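In short: position in the sequence shown from 1, add 1, done, that's the working numbering.
Glycine is no exception: its CB is placed at the ideal position from the N, C-alpha and C atoms.
It should be emphasised that the depicted structure is a prediction, and the values quoted were computed from it without experimental measurement.
This report refers to the structure that appears directly beneath it.
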Amino acid sequence: MQLLGGLSTGHMIGLAIVAIVFIAFALSVSFLAPRRWPDFPGRAGMSVFIIASLVLFVAMISAVVVFGKEAPEAEASAPASSEPHGSSAHKQTIHVVESEWVVKLPSTGELKQGSYTFAVHNAGKIPHNLVVEGPNTQGDKTELIAPGGNATLTADLKTGNYTLYCDVPGHRQLGMVAKISVG
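Structure representation (structure tokens):
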């Protein structure tokens, strides 16, 4: 059931159309056609039945492709430093993009200790949040971010490894996790 919750509206519409058409075709071929034509499909109707089945198959695949087309995701932008590199009170903004089952970070390499602001954008189709977990953090997290929404989270990062993830039930297990290193 959780898989259906992660589908876009377009995917759900495509699946619903395919399901309705398939069920209607199966019921009509199984129950209605044999009542009208007892030897259905018979020798004369077999080629028509095969052609109709192939046309229906192509139409259903087309519906899934058309309605399920993914929107391009926003790219995570590189971190923008707000102070010179030599500063002891290193402050930086890290842009994070979340979507279904992925947390995208810019390539940061090993970060310096300091205060970081995580600017989070939800490019997905369902709500997400961001948790920063590691040394000297208390599981700091954003509020739930609506699709297309933004949030910020500021954390003082000390030397060590940190895990960033979405703590909506099941999302971390589906791959919404990333790691950073501070040295």
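Below 8 Å, too few C-beta pairs join the segment 106 to 115 and the segment 125 to 134 to call them touching: fewer than three. Annotation for Ala-147: Asn-123 and Pro-128 place their beta carbon closer than 8 Å to its own, counting only its chain and skipping 5 residues before and after.
Your pair Val-97 and Phe-119 checks out as a contact, with CB atoms roughly 5 Å apart and the cut at 8 Å. Rounded to whole angstroms, the separation of the alpha carbons of Ile-14 and Ile-52 is 26 Å. Counting only residues of its own chain and dropping the five nearest sequence neighbours on each side, Tyr-166 has a CB closer than 8 Å to the CB of Val-104, Leu-131, Val-132, Glu-134, His-172, Arg-173, Met-177, Val-178 and Ala-179. Taken atom to atom, the span from the alpha-carbon of Pro-35 to that of Ile-24 is near 16 Å.
Ranked by Cα distance from Tyr-117, the first of Gly-149, Asp-157 and Lys-126 is Asp-157.
Annotation: Met-61 to Ser-48 spans about 20 Å, alpha carbon to alpha carbon. Apart from sequence neighbours up to five positions away, the residues of its chain that approach Gly-150 with a beta-carbon distance below 6 Å are Asn-123, ordered along the chain. Rounded to whole angstroms, Asp-141 and Leu-154 show a C-alpha spacing of 8 Å. Assigned with DSSP and collapsed to three states, Ala-124 falls in coil, not helix or strand. In this structure, the alpha-carbon of Ile-95 lies about 20 Å from that of Glu-101. Only residues of its own chain outside the window of five on either side were considered, and among them Asn-130 and Ala-152 have a CB closer than 7 Å to the CB of Glu-144, listed in chain order. The beta carbon of Asp-168 is closer than 7 Å to those of Asn-130, Val-132 and Lys-142 in its chain, skipping five residues each way along the sequence.
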